[in-house]
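Following: one structure in structure tokens, then a few remarks.
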């Protein structure tokens, strides 16, 4: 999660003023009572409103809450925004765990519909802990490079 936080804050530091305003609007949409922090109830209400309850790991709020204060402050919410806005809320289709970094994607599913991918953690892919109609998988970094013509396997 620390790498995700660092990436989120790097994105925030390099956002335009308009993008930062959009992020502040997002934060205010989470903090529905306007007390300057996002409670677990506000967070869960947001997930329900956006139809994300099945796409978000159940322990994500706790992981986002870096200081274990029971609420999300602005910086912790920046991390959530980064994950939400950049489609970093990816779940393993084998074991249902959250995929933080390197993972495998079905190449055929990716090419057919980039919004609906079939994703596996390294453990599920290695141990063949999945049932899927296709057999061609690449890790997410290799797939990106392959899209650029930099990987040939």
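Numbering (full-length UniProt numbering), first residue to last: 1 to 153.
Even glycine gets a Cβ: it sits at the ideal position worked out from N, Cα and C.
Only a predicted model underlies this, so the values are computations on that prediction, with no experimental measurement involved.
Taking all protein chains shown into account, do 16 or more other C-beta atoms lie within 10 angstroms of the C-beta of residue 18, making it buried, or fewer, making it exposed?
In summary, residue 18 is exposed, with fewer than 16 beta-carbon neighbours lying within 10 Å of its beta-carbon over all protein chains present.
Please find out if some non-hydrogen atom of the ligand SAM comes closer than 8 Å to the beta-carbon of residue 69.
You won't find the ligand SAM in this model; it holds no ligand whatsoever.
When you compare only the Cα positions, how much space is there between residue 108 and residue 58?
29 Å
Once DSSP output is grouped into helix, strand and coil, what is the label at residue 79?
helix
Does the stretch 48-65 come close enough to the stretch 10-25 to have 3 or more Cβ pairs within less than 8 Å?
At 8 Å Cβ cutoff, the stretches do not touch.
In the DSSP output, which residue or residues are listed as bridge partners for residue 50?
For residue 50, which the question treats as bridged, DSSP gives no partner whatsoever.
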